[in-house]
Structures are given as structure tokens and as C-alpha cells.
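Novice: Shown below is the structure under consideration.
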Amino acid sequence: MANGSKTASLGKSTIEIEIDEIITEIEVEVINSQDRMLIIGNDFMSDWKANIDFETHTLKLNDQGDEIYIPIEYIKSNRVKFETPIQDEYTDDEEDPTYENNEEIETFRVEDLEEEYISEDEEEVK
Numbered sequence: 001m002a003n004g005s006k007t008a009s010l011g012k013s014t015i016e017i018e019i020d021e022i023i024t025e026i027e028v029e030v031i032n033s034q035d036r037m038l039i040i041g042n043d044f045m046s047d048w049k050a051n052i053d054f055e056t057h058t059l060k061l062n063d064q065g066d067e068i069y070i071p072i073e074y075i076k077s078n079r080v081k082f083e084t085p086i087q088d089e090y091t092d093d094e095e096d097p098t099y100e101n102n103e104e105i106e107t108f109r110v111e112d113l114e115e116e117y118i119s120e121d122e123e124e125v126k
């Protein structure tokens with residue numbers, strides 16, 4: 001939610017909204033709430049080439065050359081501080097199942113490569 005709390009989604013729905021006499025369909029997540037508030041997502045902002053003016057609290061949308069200005073409210077949240085450090089739940093011997101491809105990759109230290117190439121160059125000179 002906009003205030004940082006979490007709530008379960010009841011599903012998705014496509015709704016029509018009217019923005020300055022322009023009617024458009026958007027897909028929304030539905031939650032159990034008494035608020036009549038719409039939280040605009042990044043996909044919507046990108047589709048409408050949106051810009052937020054933080055000084056004037058205005059959202060500017062662009063629709064086929066027309067500019068639409070909407071007054072907005074936003075909440076400034078504080079940075080999150082963890083009481084205990086976050087630790088990786090997997091040890092070095094375990095594979096993280098969230099990675100699709102856990103192949104080992106051969107790595108080299110730059111210093112080792114430089115020494116190897118310098119040695120090869122010295123042999124060529126001799």
C-alpha cells in the first residue's frame with residue numbers, strides 16, 4: 001500500500017478511468033479497502049510518458065501530444081533500518097533455487113593474467 005503496509009491482492013481487473021475527458025482501460029490489482037484511491041504503477045507511468053513535478057505536486061501525462069496535468073499527493077517514507085544484518089540463507093555449498101542457471105564460471109585475477117602475458121612477451125623477445 002502507499003503507506004508501506006502490506007495487504008493481500010484479491011485479484012486483477014480491467015477498469016475504465018477518465019483522465020481529462022480521455023477514457024482509457026487499465027489493469028489494476030484489487031484489494032480490500034474503504035479508500036477510493038488509485039495507486040498508479042510504473043507501467044501506467046511509462047505508457048503515458050508521465051513526469052512528476054515535486055515542487056508543484058503535479059503529475060503530467062502525455063497523450064498523443066496533449067499534456068494533462070493532475071494534482072497528486074505522495075508520501076515521503078523514511079529509510080528502512082534493519083535491527084539485524086540480512087544474511088544469505090544459502091551456504092556456499094547450496095544452490096539458490098531462484099537462479100535459473102547456476103553454472104560455475106571460470107574467473108581470473110587480473111594480476112595473474114598480467115603476469116602471464118608479461119612472461120609470454122618476454123619469451124617472444126628472446
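At the far end of the sequence shown sits residue 126, using full-length UniProt numbering, and the numbering has no gaps. Note that beta-carbon positions come from the ideal geometry of N, C-alpha and C, so glycine has one too. Because the structure is a prediction, the values reported are computed rather than measured.
(1) Quick one: measure Cβ to Cβ for Leu10 and Val30, integer angstroms, because I've assumed they're closer than 8 Å.
(2) Can you find a heavy atom of the ligand NAD that lies under 7 Å from the Cβ of Leu59?
(3) Might you give, ordered along the chain, the residues of its own chain that have their beta carbon closer than 7 Å to the beta carbon of Leu59, omitting 5 neighbours on each side?
(4) Among the residues of its own chain, which have a CB less than 8 Å from the CB of Ser13, if the five just before and after it don't count?
(5) Quick check: what's the CA-CA separation for Asn42 versus Glu16?
Specialist: Taking the coordinates as given:
(1) Beta-carbon to beta-carbon, Leu10 and Val30 are separated by about 5 Å, close enough to satisfy the 8 Å threshold.
(2) Only the bare structure without any ligand can be found here, which leaves the ligand NAD out of the picture.
(3) Once the five neighbours on either side are set aside, the close Cβ partners of Leu59 are Ala50, Ile52, Ile70 and Ile72.
(4) Within the same chain, Cβ atoms closer than 8 Å to the Cβ of Ser13 are found at Glu27, Val28 and Val30, the five residues on either side in sequence being excluded.
(5) Spanning the two alpha carbons is a distance of roughly 18 Å.
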